[in-house]
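**Q**
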Amino acid sequence: MRRIYENAAYRNPKTCWWRDTAAPAQQPQLEGDHRTEVAVIGGGFTGLNAALSLASANVDVTVIDAEQPGWGASGRNGGFCCLGGSKLSSALLAHRFGKYQRSVWHKTERAAVDHVDALLAEHAIDADRHSDGETQLAHTAHAMRDMQASAAEAAAFYGVAPEIIPVQELRLRGLNGRFFGGITLPIGFALNPAKYYAGLVRAAQRAGASLFGQTPALSLRRIGDHWRIATPKGNLTARKVILATNGYSSEDMPNWLRARYLPVQSTIIVTRPITPDEQAQQGWTSLQMCYDSRILLHYFRLMPDGRFLFGMRGGLRATAGAEAALSHKIRKDFHALFPEWREVEITHEWSGLVCLMRRLTPFAGPVPDHPGLYAAMGYHGNGVAMGSYLGAKLADTVLGRQPSGPFPDFLTTPPSRFPLGFFRRMLLAPAYAAATVFDR
Ligand SMILES: Cc1cc2nc3c(=O)[nH]c(=O)nc-3n(C[C@H](O)[C@H](O)[C@H](O)COP(=O)(O)OP(=O)(O)OC[C@H]3O[C@@H](n4cnc5c(N)ncnc54)[C@H](O)[C@@H]3O)c2cc1C
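The number in my numbering is simply the position in the sequence shown, starting from 1, with 1020 added.
1. Say yes only if the C-beta of residue 1062 is nearer than 6 Å to one or more non-hydrogen atoms of ligand 1, and no if none qualify.
2. At which residues does the alpha helix (DSSP H) containing residue 1350 begin and terminate?
3. Reducing DSSP to helix, strand and coil, say where residue 1272 ends up.
4. Are the beta-carbon atoms belonging to residue 1211 and residue 1147 less than 7 Å from one another?
5. Do you know offhand how far residue 1435's Cα is from residue 1281's?
6. Could you give the residue range of the alpha helix (DSSP H) that holds residue 1187?
7. Do you know offhand how far residue 1377's Cα is from residue 1296's?
8. Within its chain, find whatever has a CB closer than 7 Å to the CB of residue 1364; leave out the 5 residues flanking it on each side and keep chain order.
9. Can residue 1273 be considered in contact with ligand 1, in the sense that its beta carbon sits closer than 6 Å to one or more heavy atoms?
10. With a threshold of 16 other CB atoms inside 10 Å of the CB of residue 1122, please say whether the residue is buried or exposed.
11. According to the Cβ coordinates, are residue 1182 and residue 1201 closer than 7 Å?
12. Keeping to the same chain, check which residues put their C-beta closer than 6 Å to that of residue 1021; ignore five residues upstream and five downstream.
13. With DSSP as the reference, identify every bridge partner of residue 1329, one or two as the case may be.
14. Using a threshold of 7 Å, state whether the C-beta atoms of residue 1247 and residue 1387 are closer than that.
15. From what residue to what residue does the beta strand (DSSP E) around residue 1374 run?
16. Whose CA, out of 1238, 1064 and 1301, lies closest to the CA of residue 1216?
17. Excluding the 5 residues preceding and the 5 following residue 1343 in the sequence, name in chain order all residues of the same chain whose CB lies nearer than 7 Å to its CB.
18. Comparing the CB of residue 1091 with every heavy atom of ligand 1, is any distance shorter than 6 Å?
19. Answer yes or no: do residue 1059 and residue 1041 have a C-beta to C-beta separation smaller than 7 Å?
20. Just to confirm, is the Cβ distance from residue 997 to residue 1415 under 7 Å?
21. Taking 6 Å as the line, does the beta carbon of residue 1456 fall inside it for any heavy atom of ligand 1?
22. Can you pull the DSSP bridge partners for residue 1260?
23. Run the CB neighbour count on residue 1443, radius 10 Å, all protein chains shown included, and call it buried at 16 or more, exposed below.
24. Can you confirm whether the segment 1127-1144 touches the segment 1352-1372 when touching is taken to mean that 3 or more C-beta pairs between the two stretches lie within less than 8 Å?
25. Say the cut is 6 Å; is the CB of residue 1141 nearer than that to a heavy atom of ligand 1?
26. Which of the three DSSP states is assigned to residue 1033 in this structure?
27. Where residue 1193 and residue 1437 are concerned, what is the direct C-alpha to C-alpha distance, given to the nearest angstrom?
28. Answer yes or no: do residue 1413 and residue 1430 have a C-beta to C-beta separation smaller than 7 Å?
29. At what residues does the beta strand (DSSP E) containing residue 1067 begin and finish?
30. If you draw a straight line from the alpha carbon of residue 998 to that of residue 1237, how long is it in whole angstroms?
31. Is residue 1100 near ligand 1, judged by its Cβ being under 6 Å from some heavy atom?
32. Would you decide whether residue 1243 is buried or exposed? Buried here means 16 or more other CB atoms lie within 10 Å of its CB.
33. Which runs of the alpha helix (DSSP H) spanning at least 4 residues fall entirely within the segment 1204-1247, listed in chain order?
34. Since residue 1394 sits in a beta bridge, which residues does DSSP pair it with?
35. Less than 7 Å between CB atoms is the rule here; does residue 1154 satisfy it with respect to chain E?
36. Figure out for me which residue from 1459, 1380, 1445 and 1446 has the closest Cα to the Cα of residue 1104.
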């Protein structure tokens, strides 16, 4: 597998809070020769949702993961099950795809959240849910004015009534930090991602899916009307194959993917449980999931056990030096926004890879010129809901059906290649520098 980051980006994180809360069963390694109708490469939310949908439709489906299902971003995210998935503004969505497709996209975002909500209920997955929708907090007075101005548009797009929170009410709501007010959209909830994917694994297996861990797809070859996936200890032959590798994709698995996706690191810290007194001192007692209005945004939430989760963009590299600098930066940002918690111990810290596409919209559809090969990826850091939904919708496509529910046409347009090829990561440095200036 030829991947664009240093090896450290593809290793186990030293600490990850979710791994202390749920220990899903390890799946065996694939050995010998196997046949299946549909092979899914990658066992995150995308792959597991595709597998669950296919197995529920009585299709013989096999998931292989290079590590274990849930090992990638799906097992290390912030657990915000929320709107999002594209980095295009609403104005640009309309400009590129027309107002109708934009409205379908916004319906898709909502449907994605509802999809996860329904899955948790249907499969009785207790994933420590909390938060009533999601709150955006303004990092400047100017940002607050912009948020107020966009409230009516958000109401129209999502069919809900956003709630404006003036700055003087933040403390009353238990949302006190260095912010200038906020806006809540009553869509979405927070979850424990490890409990969610562990529940998905159980549901997919109950429905009949076969799952394998420690089984990297090393090559993918078309033989007659089948695909042959070579893995370290055996081959998997399938009529159809789904690529669900997102930010952990490689340039040569298959070659078509080369430079069509851009993995980007995101980093999270989690504190020890913050006592009720310490919460009161900071004025932050709410379990609402929040993010700020910066382009390089921070996302954070107090969890039901009192621990605080705080995340932001990760480093441009995965070297020891870059990780140390990022570790310093994330603490600095956390303490700047929540100064009363300077002394609170940070017990867990980890990074993972999200995935950007050149067009800034996800892809979910057939891979051109590769009969029977499909992919879904590129959720721009918002894949808890969108990855789950598009994994399930891709299952419809694989079965030759129109995806049920909202699904904008542009999602099936094949992703184009980034400039700079293998070195496309370098595009991030000037983008981050410009955003840092803008965010002041
Ligand atoms: C730190 C962080 C915080 C985030 N926070 C949020 C959040 O709060 N809300 C939100 O909506 N989104 C968030 N995201 C993004 C979200 O986690 C992802 O969009 C989503 O999990 C993607 O799921 P996936 O199944 O497509 O990919 P992944 O979960 O990354 O799974 C890909 C899998 O493919 C496997 N793989 C790769 N290559 C091969 C191969 N050749 N053979 C076999 N297997 C292979 C990997 O081992 C991996 O398990 C966050 C991401 C990170 C990293």
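Heads up, the beta-carbon is just placed ideally off N, CA and C, and yes, glycines get one too.
**A** With the structure as the only source:
1. yes
2. 1340-1357
3. If DSSP states are grouped into helix, strand and coil, residue 1272 belongs with coil.
4. yes
5. 8 Å
6. Where residue 1187 is concerned, there is no enclosing alpha helix (DSSP H), given that its DSSP letter is neither H nor E.
7. 42 Å
8. Within the same chain, 1291, 1292, 1294 and 1298 come within 7 Å of residue 1364 by CB-CB distance, once the 5 residues on both sides are set aside.
9. yes
10. Residue 1122 should be labelled buried.
11. no
12. 1270 and 1273
13. 1290 and 1321
14. no
15. 1366-1376
16. 1064
17. Excluding the 5 residues flanking it on each side, residue 1343 has same chain C-beta neighbours closer than 7 Å at 1335, in chain order.
18. yes
19. no
20. Look at the range of the chain in this structure, 1021 to 1460, and you will see that residue 997 is not part of it.
21. In terms of side-chain proximity, the C-beta atom of residue 1456 is found no nearer than 6 Å to any non-hydrogen atom of ligand 1.
22. 1058
23. With fewer than 16 other beta carbons inside 10 angstroms of its own, residue 1443 counts as exposed.
24. no
25. no
26. coil
27. 45 Å
28. no
29. No beta strand (DSSP E) holds residue 1067; the alpha helix (DSSP H) holding it covers 1065-1076.
30. As shown, the chain starts at 1021 and ends at 1460. That puts residue 998 outside it, with no answer to give.
31. yes
32. exposed
33. 1213-1227
34. 1262 and 1386
35. Protein chains in the displayed structure number just one, and chain E is not present.
36. With distances taken between Cα atoms, residue 1104 lies closest to 1380.
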